Amino acid sequence: MSQPRPETIQAALRFALRAPSVHNSQPWRWHFAAGALHLYADRARHLPATDPEQRALLLSCGAALHHALVALAALGWGSEVTYTPDPRDRDHLATVRLARRAPTSVDICLAAAILVRRSDRRRFANGQVPQRYLAAAVDYAGRFGAQVRPVEDAARGRLGELMRVATEQHAEDALYQVELASWSGRRAGLDGVPARNATPVRAEDGLPIREFADPVLVDAAGDADAAQWLLVCTDRDDHTARLRAGETLSALLLAATDLRLGTCVQTEPLGVPALREEIRFALCDSSYPQAMVRAGWMRISAAPLAETPRRDLAEVFTGDAPALDDGVASARP
Ligand SMILES: Cc1cc2nc3c(=O)[nH]c(=O)nc-3n(C[C@H](O)[C@H](O)[C@H](O)COP(=O)(O)O)c2cc1C
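See the structure below:
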């Protein structure tokens, strides 16, 4: 059976590096050997005050896995995933085996979306996106093991209250504030959320978003936010369910990007276990909330957002490979 060349794996993983992750912490490692690609969690990049249960860490790894599978599909490789392949090693999240498969136009569009997706925290001020328009993205994402539910108008008020409680609790939490300051604003480097990608607090918005350090990205005066909010939920709340929720999240973001929608993940209240429980029963019919997504149309006149930085592939990849500084660099997204 034919196997992908190491160069192909590296090209796909350069796309996977572009995956969203909590505070842009990039908590993943990859290994390629004997024709199989392995994904590991990098627990050294865990954010204990923001993500006490390591849920967002696993979601971030799931998003990277989906990004890798999309890129491999576009490069002509179908994949079969085994989750938690070694029960004795909880950091070994998935093994991917590959087989030749012709790419579809969907594979190519989604891989292209990886290159242009950004977390856009500005107000979506160009009218509210109808649910039926979002339905294609929601349907596609629903194939990856978690459900995507729109936040109904009647539930927005309650969600907004819970989000404000999270903001207030975190404002008083010194460890949270230190962690935030070291992962955003001027301290951001090859990881973290740069100041240019963060907006100042918008206390008047019904659904407040997470605040980062030194925000310099501003909305046009007078804009009101017309974002649609979506919830990614799972029936179980174990390790694999969280990883699958990350794949679903990535699928939703890429499909929405392909529809020219702006998106941004939001998880602040889900990092407070008691508030997560409230959201579970108030908005998710007792399934487990894993992440929320804002989606909308950005003003046509809005400036394009700069992409956030990423660490080099050599920092997160080991295994069968040509030297990482060879001609493969030309495949860099
Ligand atoms: C699990 C997870 C949780 C996230 N939580 C938030 C959040 O609460 N607020 C926010 O503004 N962005 C959040 N993000 C978005 C990240 O900050 C963003 O992906 C990262 O900074 C990289 O930037 P990019 O998405 O523009 O590539 C989250 C992303 C993931 C995957």
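Take the sequence shown: its letters are residues 1 to 333, numbered as in the numbering used here.
Positions of the beta carbon are idealized from the N, C-alpha and C atoms, including for glycine.
All of these numbers come straight from a predicted model, not from anything done at the bench.
Opposite residue i in the DSSP bridges: which residues?
| i | result |
| --- | --- |
| residue 349 | Within the shown structure, residues of the chain are numbered from 1 to 333, placing residue 349 beyond reach of any answer. |
| residue 264 | 294 |
| residue 80 | 97 |
| residue 170 | Beta-bridge pairing links residue 170 to no other residue. |
| residue 92 | 40 |
| residue 149 | 231 |
| residue 32 | 37, 319 |
| residue 27 | According to DSSP, which records beta bridges pairwise, residue 27 is partnered with nothing at all. |
| residue 119 | 263 |
| residue 20 | DSSP output for residue 20 lists no bridge partner at all. |
State yes or no: is the C-beta of residue i nearer than 7 Å to some heavy atom of ligand 1?
| i | result |
| --- | --- |
| residue 182 | no |
| residue 200 | no |
| residue 268 | yes |
| residue 248 | no |
| residue 126 | no |
| residue 273 | no |
| residue 118 | yes |
| residue 276 | no |
| residue 105 | no |
| residue 164 | no |
| residue 316 | no |
| residue 56 | yes |
| residue 20 | yes |
| residue 151 | no |
| residue 59 | yes |
| residue 291 | yes |
| residue 240 | no |
| residue 233 | no |
| residue 193 | yes |
| residue 170 | no |
| residue 265 | yes |
| residue 31 | no |
| residue 108 | no |
| residue 63 | yes |
| residue 308 | yes |
| residue 114 | no |
| residue 38 | no |
What residues in its chain sit with their C-beta under 6 Å from that of residue i, if we drop five residues either side in the sequence?
| i | result |
| --- | --- |
| residue 138 | 148 |
| residue 223 | 123, 125 |
| residue 29 | 40, 42, 316 |
| residue 183 | 23, 192 |
| residue 241 | 234 |
| residue 332 | With a pLDDT of 39 at residue 332, under the threshold of 50, the predicted position of this residue should be treated as unreliable, though the coordinate-derived value follows. 14. |
| residue 329 | Bear in mind that the predicted position of residue 329 carries a pLDDT of just 38, short of 50, making it unreliable; the figure below should be weighed with that in mind. If we look at residue 329 and ignore the five residues flanking it on each side, it has no Cβ neighbours. |
| residue 81 | 94, 96 |
| residue 64 | 16, 19, 28 |
| residue 200 | 215 |
Using C-beta distances below 7 Å, list every residue in its chain close to residue i, excluding the 5 sequence neighbours before and after it, in chain order.
| i | result |
| --- | --- |
| residue 172 | none |
| residue 162 | 269, 275, 278, 279 |
| residue 202 | 208 |
| residue 67 | 15, 16, 18, 19, 114, 250 |
| residue 72 | 12, 79, 98 |
| residue 2 | 100 |
For residue i, which residues of its own chain have a beta-carbon under 8 Å away from its beta-carbon, when the five flanking residues on both sides are left out?
| i | result |
| --- | --- |
| residue 236 | 288 |
| residue 101 | 73, 76, 77, 78 |
| residue 327 | Because residue 327 sits at a pLDDT of 37, beneath the cut-off of 50, its placement in the model cannot be relied upon, and the following sentence gives the value as read from the coordinates. So the list is empty, once near-sequence residues are dropped. |
Within the present structure, is the beta-carbon of residue i separated from the nearest heavy atom of ligand 3 by less than 7 Å?
| i | result |
| --- | --- |
| residue 82 | This structure lacks ligand 3; its bound ligands are ligand 1. |
Kindly indicate if chain C contains any beta-carbon less than 8 Å away from that of residue i.
| i | result |
| --- | --- |
| residue 286 | The structure shown contains no chain C, having only a single protein chain. |
*Taking the runs of the alpha helix (DSSP H) that are 4 residues or longer, which of them lie wholly in the stretch 165–211?*
174–182
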